[in-house]
Amino acid sequence: IYINATVLLSSAVAAVVLVTASVSLTAWVAMATWAHIFPEGSTYLWRDQYFQRLWPPGHLLMVGTGWILIKAIPSIMGAAAISLYFGYRPKTDVVDINKAIAESLIWGLSFVLIWQSVLTLIEFKQVSARLEATF
């Protein structure tokens, strides 16, 4: 149980760091794009509009946090479980170790990509339906 808990905890910490980095990088790229398209415009105007839409006043979490959690938590848990499965299988030599590492990477990444792709399609359908109703 010690190894399982450590793997899951380190995966959860890595997920938080990666999601935070992704959200920050997305904001920076959006600002850089704004500055490139509207060089005469102020980045302060962009910042006010961007964060007002992303994190409306009175909301505890930013818009879309639910989708981020629905994507990130099962992805991390699934990849960690797959890695533990291949890690716990018996190994007799270094070839078995290398094979287990390769299989855990292939199956773990495949799981994450499939999960993210399916949820992205569902999210797009729901968000686009809501946007069509708005306009």
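Residue numbers for the sequence shown follow the working numbering, beginning at 5 and rising by one. For each residue, glycine too, the CB sits at the ideal point set by N, CA and C. Computed from a predicted structure; not experimentally measured.
What's the gap between the Cα of isoleucine 4 and the Cα of tryptophan 38? Residue 4 is absent from the model: the chain starts at 5 and stops at 139.
Between the region 57 to 64 and the region 12 to 19, are three or more C-beta pairs nearer than 8 Å? Counting Cβ pairs under 8 Å, fewer than three are found: no touch.
Could you give the residue range of the alpha helix (DSSP H) that holds serine 15? Where serine 15 is concerned, the enclosing alpha helix (DSSP H) stretches over 6 to 41.
Among the residues of its own chain, which have a CB less than 7 Å from the CB of isoleucine 74, if the five just before and after it don't count? By the criterion of a C-beta distance shorter than 7 Å, isoleucine 74 is surrounded in its chain by Leu123, once the five residues flanking it on both sides are discounted.
Endpoints, alpha helix (DSSP H) assigned at tryptophan 50: 47 to 58 is the span of the alpha helix (DSSP H), which, as asked, contains tryptophan 50.
My guess is that serine 84 and valine 11 are in contact by the Cβ rule of under 8 Å, so how many angstroms apart are they, rounded? First, the residue type needs correcting, since residue 84 is alanine and not serine in the sequence shown. Indeed they touch by this definition, with Cβ atoms about 5 Å apart.
Could you tell me the boundaries of the alpha helix (DSSP H) in which lysine 75 lies? From DSSP, the alpha helix (DSSP H) with lysine 75 extends over 69 to 92.
In whole angstroms, what separates the C-alpha of arginine 134 from that of isoleucine 7? Rounded to the nearest angstrom, the two C-alpha atoms are 44 Å apart.
Alanine 36 and tyrosine 54: beta carbons closer than 8 Å? No, these two residues do not count as a Cβ contact at 8 Å.
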